[in-house]
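Asks:
There are 2 protein chains.
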Amino acid sequence: MVKIGGSEGVDRAAVCTDIAAIVRGGQPVVVVHGGSHDTNQLCQRLGIPVRTITSPSGHTSRRTDAQTLQAFQMACRGIINQQLVTLLLGQGVNAVGLSGLDARLWQGERKGAVRAIENGVTVIIRDDYTGSVEQADPRLLSLLLDAGYTPVISPPAISTQGEAINVDADRAAARTAAAVRAETLVLLSNVPGVLERFPDESSLVSRVSRERVEEYVGLAQGRMKKKIMSAGEALRDGVSTVVIADARVPEPVRSALSGKGTRFE
Amino acid sequence: MVKIGGSEGVDRAAVCTDIAAIVRGGQPVVVVHGGSHDTNQLCQRLGIPVRTITSPSGHTSRRTDAQTLQAFQMACRGIINQQLVTLLLGQGVNAVGLSGLDARLWQGERKGAVRAIENGVTVIIRDDYTGSVEQADPRLLSLLLDAGYTPVISPPAISTQGEAINVDADRAAARTAAAVRAETLVLLSNVPGVLERFPDESSLVSRVSRERVEEYVGLAQGRMKKKIMSAGEALRDGVSTVVIADARVPEPVRSALSGKGTRFE
Chain A
168 MVKIGGSEGV DRAAVCTDIA AIVRGGQPVV VVHGGSHDTN QLCQRLGIPV
218 RTITSPSGHT SRRTDAQTLQ AFQMACRGII NQQLVTLLLG QGVNAVGLSG
268 LDARLWQGER KGAVRAIENG VTVIIRDDYT GSVEQADPRL LSLLLDAGYT
318 PVISPPAIST QGEAINVDAD RAAARTAAAV RAETLVLLSN VPGVLERFPD
368 ESSLVSRVSR ERVEEYVGLA QGRMKKKIMS AGEALRDGVS TVVIADARVP
418 EPVRSALSGK GTRFE
Chain B
168 MVKIGGSEGV DRAAVCTDIA AIVRGGQPVV VVHGGSHDTN QLCQRLGIPV
218 RTITSPSGHT SRRTDAQTLQ AFQMACRGII NQQLVTLLLG QGVNAVGLSG
268 LDARLWQGER KGAVRAIENG VTVIIRDDYT GSVEQADPRL LSLLLDAGYT
318 PVISPPAIST QGEAINVDAD RAAARTAAAV RAETLVLLSN VPGVLERFPD
368 ESSLVSRVSR ERVEEYVGLA QGRMKKKIMS AGEALRDGVS TVVIADARVP
418 EPVRSALSGK GTRFE
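Keeping their order, the protein sequence lines are chains A and B.
For reference, each letter of the first sequence is one residue, going 168 to 432 in the numbering used here.
For reference, each letter of the second sequence is one residue, going 168 to 432 in the numbering used here.
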């Protein structure tokens, strides 16, 4: 299972070339991706304000009202997902694009009320379309993998009420890796891995034991916090190895599999 | 096989409710859709000019430069496709959204040079991403149908060079109906069928024999021309019945199957 980050600087063509080499070598791969940077760009073009919510516990997430959700779907599902499929097809991989909506692949609860800190005050937001994936259904993925297809999965997920919801793609990838009994989950983004002293790239942590995951969640900032949480959740649910690694290096996936980045075991 | 038109006035929820009743009754359905109206709206929001090309033989099509292609993908694949999937899921149908790119479902040639009439002069356009579906691959669709999923297919198609191309969804539906050996192809849009004297809805043609398809292609205007061509192509390729019918009536698919609209046999 390979999660390709949606941040700026990720070379999707290089990642797809690398994934194709692995698939051609006989190893099945499921691809998951996000789309934060492209969603921001599209929102800008459409005149939709890009806003962030900070929860009382310090987690940040995208403010996703109805029009932001639509831009998110257009960027993730309409553009990035199909770009990855096209790149993989060009490398001889029989890729099929899916979203978490399709056949209820990713299901979870939409948050009825989101608590957020605005100017130091806690406010309740009720028109937000966010949630988290509580159930990843392996059936469609197994059907496709067994027939030689490579699934490429995009947010959003679907709520139990049938609404599209913005979910964190790292955590969704962790759920999905466990559901399909993946051996390894590789989380690629535009950082070399977990850094002891962010943003000092020489302070890379090469290994995190299961026992110390919580500690690193506490230390990390922003997006990395959720990546480490995702790594912990994948391990807990039976995935043997999770690697948080750099998408910007040559052969990023094979490099992560051969020891680069931060390894959780 | 049901093709849902992308024009204004088509009630997608009603069409999906009707399709769900058919699927629940044990009849497998493949859904194909277009997205012309939504693409126009999105282009407007993004400040992309909506232009039409008229070929020397009088056919009209959307001028699809790179930025229009992207808007087309965002509207069709990002929004409409996933809206139809969500509506079908809500009715208990295990729907899976696909585009013609996925696993090279719809493959064809991109037109290298498009001849168009502009202000009475023939010009050659070289940066257009259009083509037509020459091959519909039934394998992924059969895999999904056999496992109880309902595929929902969106443009674009993929060129032999691996580029996304804008294709006519009616003609793609005809190719696909033949490829999966569908008994019946229903083409739904915002007209009651083929009209002898357009736009007089009382002049509905209820039946067109295979022999007279060409004649009606000649008589018809605009979008209807391609629908009738598609009907002829589907019959030629082995589909028993094609119905061009109204999406705006109650139970539009079952109504088409039970004799409404224009029937090609």
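Glycine included, each C-beta is placed from N, C-alpha and C at the ideal position.
Please look up how many angstroms separate the CB atoms of residue 386(B) and residue 168(B), rounded, as I've assumed it's under 8 Å.
Replies: Taking the first residue of the second sequence as position 1, residue 386(B) is located at position 219. Taking the first residue of the second sequence as position 1, residue 168(B) is located at position 1. About 25 Å separates the two Cβ atoms, so there is no contact after all.
Asks: Can you find a CB in chain A that lies within less than 8 Å of the CB of residue 253(B)?
Replies: Residue numbering aside, residue 253(B) sits at position 86 when the second sequence is read from its first letter. It does: the Cβ of residue 253(B) has a partner Cβ on chain A nearer than 8 Å.
Asks: Between which two residues does the alpha helix (DSSP H) holding residue 189(A) run?
Replies: For the purposes of this step, residue 189(A) is identified with residue 22 of the first sequence, where counting begins at 1. From DSSP, the alpha helix (DSSP H) with residue 189(A) extends over 179–191.
Asks: Taking the beta carbon of residue 226(A) as the centre, do at least 16 other beta carbons fall within 10 Å, making it buried, or is it exposed?
Replies: For the purposes of this step, residue 226(A) is identified with residue 59 of the first sequence, where counting begins at 1. It is exposed - the Cβ of residue 226(A) has fewer than 16 other Cβ atoms within 10 Å.
Asks: Answer yes if the segment 251–265 of chain A comes into contact with the segment 269–285 of chain B, meaning at least three C-beta pairs across the two stretches below 8 Å, and no otherwise.
Replies: The segment 269–285 of chain B vs the segment 251–265 of chain A: in contact.
Asks: Report the three-state DSSP secondary structure of residue 291(A) (helix, strand or coil).
Replies: Position 124 of the first sequence, counting from 1, holds the residue named residue 291(A). Residue state, collapsed to three classes: strand.
Asks: For residue 204(A), which residues from the same chain have a beta carbon less than 6 Å from its beta carbon, with the 5 sequence-adjacent residues on both sides left out?
Replies: The count along the first sequence starts at 1 and reaches residue 204(A) at position 37. Result list for residue 204(A): 173, 174, 175, in chain order.
Asks: Is it right to say residue 322(B) is buried, meaning 16 or more other beta carbons lie within 10 angstroms of its own, or is it exposed?
Replies: One-based indexing of the second sequence puts residue 322(B) at position 155. That one is buried.
Asks: When you compare the CB of residue 304(B) with every CB in chain A, is at least one pair closer than 8 Å?
Replies: Position 137 of the second sequence holds residue 304(B). No, because no Cβ of chain A sits closer than 8 Å to the Cβ of residue 304(B).
Asks: Within the same chain, show all residues whose beta-carbon is closer than 7 Å to that of residue 308(B), passing over the 5 residues directly before and after it, in chain order.
Replies: As a first step, residue 308(B) must be located in the second sequence, where it is residue number 141. So the qualifying residues of the chain are 197, 318, 347.
Asks: Taking the continuous beta strand (DSSP E) assigned at residue 410(A), which residues delimit it?
Replies: Position 243 of the first sequence holds residue 410(A). That run of the beta strand (DSSP E) goes 408–413.
Asks: Quick one: what's got a C-beta closer than 7 Å to residue 209(A)'s C-beta in the same chain, skipping five residues either side?
Replies: Numbered from 1 along the first sequence, position 42 holds the residue referred to as residue 209(A). Only 238, 241, 242 meet the Cβ criterion.
Asks: To the nearest whole angstrom, what separates the beta carbons of residue 183(B) and residue 268(B), a pair I think is in contact under 8 Å?
Replies: For the purposes of this step, residue 183(B) is taken as the residue at position 16 of the second sequence. For the purposes of this step, residue 268(B) is taken as the residue at position 101 of the second sequence. Actually they are not in contact, since the Cβ atoms of residue 183(B) and residue 268(B) sit about 23 Å apart, beyond 8 Å.
Asks: Three-state secondary structure (DSSP) at residue 226(B)?
Replies: Counted from its first residue, the second sequence places residue 226(B) at position 59. Residue 226(B) falls in the coil class under three-state DSSP.
Asks: Ignoring anything shorter than 3 residues, give me the beta strand (DSSP E) runs that lie fully in the segment 250–306 of chain B, in order along the chain.
Replies: Those beta strand (DSSP E) runs which fall completely within the segment 250–306 of chain B and span 3+ residues are 262–266, 273–277, 281–285, 288–292, 298–303.
Asks: Give a yes or no on whether the minimum CB-CB distance between residue 261(A) and chain B is below 8 Å.
Replies: Stepping through the first sequence from its first residue, residue 261(A) is reached at position 94. Cβ-Cβ to chain B under 8 Å: yes for residue 261(A).
Asks: Which residues of chain B have a Cβ atom closer than 8 Å to the Cβ of residue 316(A), listed in chain order?
Replies: Sequence index remark: in the first sequence, residue 316(A) carries index 149 (1-based). In chain order: 270, 307.
Asks: Per the DSSP calculation, residue 355(A) is bridged to which residue(s)?
Replies: On the first sequence, residue 355(A) is found 188 positions in, with the first residue counted as 1. In the DSSP output, where bridge partners are listed per residue, residue 355(A) has 171(A), 412(A).
Asks: Are residue 185(B) and residue 418(B) close, meaning C-beta to C-beta below 8 Å?
Replies: Taking the first residue of the second sequence as 1, we reach residue 185(B) at position 18. Taking the first residue of the second sequence as 1, we reach residue 418(B) at position 251. A contact, by the Cβ cut-off of 8 Å.
Asks: For residue 359(B), which residues from the same chain have a beta carbon less than 6 Å from its beta carbon, with the 5 sequence-adjacent residues on both sides left out?
Replies: Looking up residue 359(B) in the second sequence gives position 192. So the list reads 368, 371, 413, once near-sequence residues are dropped.
Asks: In the DSSP assignment, find the unbroken beta strand (DSSP E) run with residue 327(B) in it and report its ends.
Replies: For this step, residue 327(B) is matched to residue 160 along the second sequence. Counting along the chain, residue 327(B) falls outside any beta strand (DSSP E), and DSSP gives it neither H nor E.
Asks: Check whether the segment 334–349 of chain B and the segment 396–406 of chain B are in contact - that is, three or more C-beta pairs closer than 8 Å.
Replies: Yes, since at least three Cβ pairs between the segment 334–349 of chain B and the segment 396–406 of chain B fall closer than 8 Å, the two stretches touch.
Asks: According to DSSP, simplified to helix, strand and coil, what is residue 430(A)?
Replies: The count along the first sequence starts at 1 and reaches residue 430(A) at position 263. The answer is strand: DSSP assigns residue 430(A) an E or B state.
Asks: Taking the alpha helix (DSSP H) that residue 321(B) belongs to, which residues open and close that run?
Replies: For the purposes of this step, residue 321(B) is taken as residue 154 along the second sequence, with counting starting at 1. Taken as a continuous stretch (DSSP letters only), residue 321(B) belongs to no alpha helix (DSSP H), being part of the beta strand (DSSP E) at 317–321.
Asks: What does DSSP give as the partner residue(s) for residue 158(B) in the beta ladder?
Replies: No information on residue 158(B) is available, as it lies outside the stretch 168 to 432 that chain B covers here.
Asks: With the cut-off set at 8 Å, would you say residue 392(B) and residue 380(B) are in Cβ contact?
Replies: One-based indexing of the second sequence puts residue 392(B) at position 225. One-based indexing of the second sequence puts residue 380(B) at position 213. Not in contact: residue 392(B) and residue 380(B) (Cβ atoms no closer than 8 Å).
Asks: So residue 380(B) is in the beta strand (DSSP E); what residue range does that whole segment cover?
Replies: Numbered from 1 along the second sequence, position 213 holds the residue referred to as residue 380(B). Taken as a continuous stretch (DSSP letters only), residue 380(B) belongs to no beta strand (DSSP E), being part of the alpha helix (DSSP H) at 380–386.
Asks: Quick one: is the Cβ of residue 342(A) within less than 7 Å of any heavy atom of the ligand ADP?
Replies: Summarising the ligand content, the structure contains no ligands, and the ligand ADP is consequently not present.
Asks: Taking all protein chains shown into account, decide if residue 333(B) is buried (16 or more other Cβ within 10 angstroms of its Cβ) or exposed.
Replies: Mapped onto the second sequence, residue 333(B) falls at position 166. Under this definition residue 333(B) is a buried residue.
Asks: What do you get for residue 291(A), buried or exposed, if any count of 16 or more other CB atoms within 10 angstroms of its CB means buried?
Replies: Taking the first sequence and counting its residues from 1, one reaches residue 291(A) at position 124. Residue 291(A) comes out exposed.
Asks: Quick check: the Cα distance between residue 201(A) and residue 195(B), rounded to an integer number of angstroms?
Replies: Position 34 of the first sequence holds residue 201(A). Position 28 of the second sequence holds residue 195(B). Distance between the alpha carbons of residue 201(A) and residue 195(B) is about 33 Å.
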